[in-house]
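Numbering (the numbering used here), first residue to last: 229 to 304. Heads up, the thing below is written out as structure tokens.
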Amino acid sequence: MNIQELIEKLEEEIEEVEQGTLLPSTNIRNIDWWSSMHALVIIAFVDIEYNVQVSGKDLKEIQTIQDLYDLIVKKS
Numbered sequence: 229m230n231i232q233e234l235i236e237k238l239e240e241e242i243e244e245v246e247q248g249t250l251l252p253s254t255n256i257r258n259i260d261w262w263s264s265m266h267a268l269v270i271i272a273f274v275d276i277e278y279n280v281q282v283s284g285k286d287l288k289e290i291q292t293i294q295d296l297y298d299l300i301v302k303k304s
């Protein structure tokens, strides 16, 4: 997995995201559509797609897509 693959899969998984709009530097907290429901979707997505357990606490500590990628790599 590389960060571009993660971004493409997130864009497919989250309906509100237009293809090609997420970047590694995208701050997930500043996205208009971000909600606690999306946090749950990401937790489930990471678990299913990468077999990595990400907690709500983990998500609270990250800011960007790059941070999410780094967390997945660290926990892999």
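For glycine and all other residues, C-beta sits at the position ideal for the given N, C-alpha and C. This one's a predicted model, so the numbers in the text were calculated from it and none came from an experiment.
Answer yes or no: do residue i and residue j have a C-beta to C-beta separation smaller than 9 Å?
i, j, result
"E246", "E239", "yes"
"I300", "V269", "no"
Using only the alpha-carbon positions, how far apart do residue i and residue j sit?
i, j, result
"G248", "Q232", "10 Å"
"I276", "D260", "25 Å"
"K302", "I256", "19 Å"
"M265", "E243", "12 Å"
"N258", "L234", "19 Å"
Grab me the residues of residue i's own chain with a C-beta within less than 6 Å of its C-beta, minus the 5 sequence neighbours each way, in chain order.
i, result
"I271", "V282"
"F273", "E241"
"Q294", "P252"
Does the beta carbon of residue i fall short of 8 Å from some heavy atom of the ligand FMN?
i, result
"S253", "What this structure holds is no ligand at all, so the ligand FMN is not there to describe."
Quick one: using the 10 Å Cβ neighbour count with 16 as the cut-off for buried, is residue i buried or exposed?
i, result
"L287", "buried"
"L250", "buried"
Less than 8 Å between C-beta atoms, sequence neighbours within five positions excluded: which residues of the same chain meet that for residue i?
i, result
"G284", "A267 and I271"
Leaving aside the five residues before and after residue i along the sequence, list all residues of the same chain whose C-beta is less than 7 Å from its C-beta, in chain order.
i, result
"I290", "L296 and L299"
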